[in-house]
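Take a look at the structure below.
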Amino acid sequence: MPRVTGPTISRWRLSKELKRLREDAGRTFDDAADLLGCSPSKIRKIEAGEVGIVKTELDALLDLYKVDDEDLATLLRELQRLGKQRGWWAPLGSLPKQYNAFVGLESEAQRIRQFEPLVMPGLLQTEAYASALDAMCTFATADEQERAVKIRMARQEQFWAQGADDDRSRLWVIVDEAALRRPVGGNPSIMRGQLLRVLELAERCIFQVVPFSAGSYPGTMGPFTIFDFDEDVHSPVVYTDGHAGIALLETESDVDRANRAFAHMAAVALSPTESARKVVAIASEMATQQGGENES
Numbered sequence: 001m002p003r004v005t006g007p008t009i010s011r012w013r014l015s016k017e018l019k020r021l022r023e024d025a026g027r028t029f030d031d032a033a034d035l036l037g038c039s040p041s042k043i044r045k046i047e048a049g050e051v052g053i054v055k056t057e058l059d060a061l062l063d064l065y066k067v068d069d070e071d072l073a074t075l076l077r078e079l080q081r082l083g084k085q086r087g088w089w090a091p092l093g094s095l096p097k098q099y100n101a102f103v104g105l106e107s108e109a110q111r112i113r114q115f116e117p118l119v120m121p122g123l124l125q126t127e128a129y130a131s132a133l134d135a136m137c138t139f140a141t142a143d144e145q146e147r148a149v150k151i152r153m154a155r156q157e158q159f160w161a162q163g164a165d166d167d168r169s170r171l172w173v174i175v176d177e178a179a180l181r182r183p184v185g186g187n188p189s190i191m192r193g194q195l196l197r198v199l200e201l202a203e204r205c206i207f208q209v210v211p212f213s214a215g216s217y218p219g220t221m222g223p224f225t226i227f228d229f230d231e232d233v234h235s236p237v238v239y240t241d242g243h244a245g246i247a248l249l250e251t252e253s254d255v256d257r258a259n260r261a262f263a264h265m266a267a268v269a270l271s272p273t274e275s276a277r278k279v280v281a282i283a284s285e286m287a288t289q290q291g292g293e294n295e296s
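Under the UniProt record's numbering, the first residue of the sequence shown carries the number 1, and numbering increases by one thereafter.
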């Protein structure tokens, strides 16, 4: 029987199985809704993973769909139980739905591969850098910006406490050289502190830099993150975020395209050792520039 995991993936797997079982049984949304005494829209939301389902409702649907495979029924009941659990981030308060999914995927992924062309990824940011970055978020209030930074710091604490040191490949980050040079915050000390933090964490993950000399490459299309899971847990998920909104991509073609893009970028990027040297060189440049400004 496939093993189960935390609440995010459990809810996704349960919703997909319920949709498949309903369709295989030749039942409609109205059939399921009549049985549970709810609206068809609730059934749609259950199958989309947007709302949960209680055990009595699940048992009723399993009867309606004539599920006689006891191993499958046991797995679905376990998924329902785990899906009701609160993630570690619950004490932080309500999160936007899509961001809630991102945090859940990040927490449950076996491996994370991330590319950022302009800024440092959240798991590597210092608090000062994160605050300066979020201060430019014009559509968020000061309180929302402060909360976003706290959540990011909590994500880091949770991730690095999960034994990431045992396997550096659990987090594989590729950034464009622009992310190292962009003076976020306007204060050179903020950026130098960020680069020193990158050097520290580069010992605990795979960190690569695509230098300007690489010319054009797939990363010019924008940032993305690939979440990989054990094969018996879930297929990979690709996360993208931009002004047009957030997207979670799961189709084989989307995942394959992201995998090929990431592999290409890893090939043209500097090696982890060379990338660390690049970070040191840029930090030294910034220190020299700051010293010159102080003298003037």
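The beta carbon of each residue, even a glycine, is placed where N, CA and C say it ideally should be.
Report yes if the C-beta distance between residue i and residue j is below 8 Å; otherwise report no.
i, j, result
"P218", "F227", "no"
"R152", "G122", "yes"
"G52", "K19", "no"
"P7", "G93", "no"
"C137", "Q125", "no"
"V67", "L21", "yes"
"L195", "A283", "yes"
"C205", "R168", "yes"
"D241", "Q110", "no"
"A128", "G193", "yes"
"residue 311", "I43", "Outside the displayed range of the chain (1 to 296) lies residue 311, so it cannot be described from this structure."
"E17", "L36", "no"
"T220", "Y239", "no"
"Q158", "S216", "no"
"V149", "A130", "yes"
Exposed or buried, which one is residue i when buried takes at least 16 other CB atoms within 10 Å?
i, result
"Q114", "buried"
"T251", "exposed"
"F102", "buried"
"F139", "exposed"
"R155", "buried"
"R11", "buried"
"Q162", "exposed"
"R277", "exposed"
"M265", "buried"
"A247", "exposed"
"R181", "exposed"
"P183", "exposed"
"M120", "buried"
"V279", "buried"
"E245", "Rather than Glu, the amino acid found at residue 245 in this sequence is Gly. That one is exposed."
"T28", "exposed"
"Q289", "exposed"
"A263", "exposed"
"A90", "exposed"
"P2", "With a pLDDT of 46 at P2, under the threshold of 50, the modelled position of this residue cannot be trusted; read the value that follows with caution. Looking at its Cβ environment, which holds fewer than 16 other Cβ atoms inside 10 Å, P2 is exposed."
"P96", "exposed"
"S296", "Note that S296 scores a pLDDT of 48, beneath 50, so its modelled location is shaky; the value from the coordinates is reported in the next line. Exposed, by the Cβ-count rule."
"G222", "exposed"
"A132", "buried"
"N47", "The question names Asn, but residue 47 in the sequence shown is Glu. With 16 or more Cβ atoms within 10 Å of its Cβ, E47 is classed as buried."
"A281", "exposed"
"S213", "exposed"
"A142", "exposed"
"E285", "exposed"
"S41", "exposed"
"S275", "buried"
DSSP puts residue i in a beta bridge; with which residues?
i, result
"Q85", "Answer is none; Q85 lacks a bridge partner."
"F139", "Answer is none; F139 lacks a bridge partner."
"Y239", "T225, L248"
"E203", "Partner(s): none; E203 has no beta bridge."
"residue 298", "Since the first and last residues shown for the chain are 1 and 296, residue 298 lies out of range."
"F115", "I174, F224"
"S80", "The sequence shown places Gln at residue 80, not Ser. Answer by DSSP bridge pairing: none, since Q80 is not bridged."
"Q194", "Answer is none; Q194 lacks a bridge partner."
"Q145", "None; Q145 has no bridge partner."
"V209", "V175"
What distance in whole Å lies between the Cβ atoms of residue j and residue i, which are believed to be in contact at a cut-off of 8 Å?
i, j, result
"L14", "L62", "Incorrect: roughly 11 Å between the Cβ atoms, too far for contact."
"I9", "H234", "5 Å"
Quick check on residue i - is its C-beta less than 8 Å from some C-beta in chain C?
i, result
"R147", "No chain C is part of this structure, which consists of one protein chain only."
Contact between the stretch 104-119 and the stretch 165-177 (3+ Cβ pairs under 8 Å): As far as the Cβ criterion goes, the stretch 104-119 touches the stretch 165-177, which means the pair count is three or higher.
Sufficient close CB pairs (3 or more, under 8 Å) joining the stretch 62-80 to the stretch 186-197: No, they do not touch.
Segment contact, 8 Å Cβ cut-off, at least three pairs: the stretch 202-209 with the stretch 256-270: With the cut-off at 8 Å, the stretch 202-209 and the stretch 256-270 touch.
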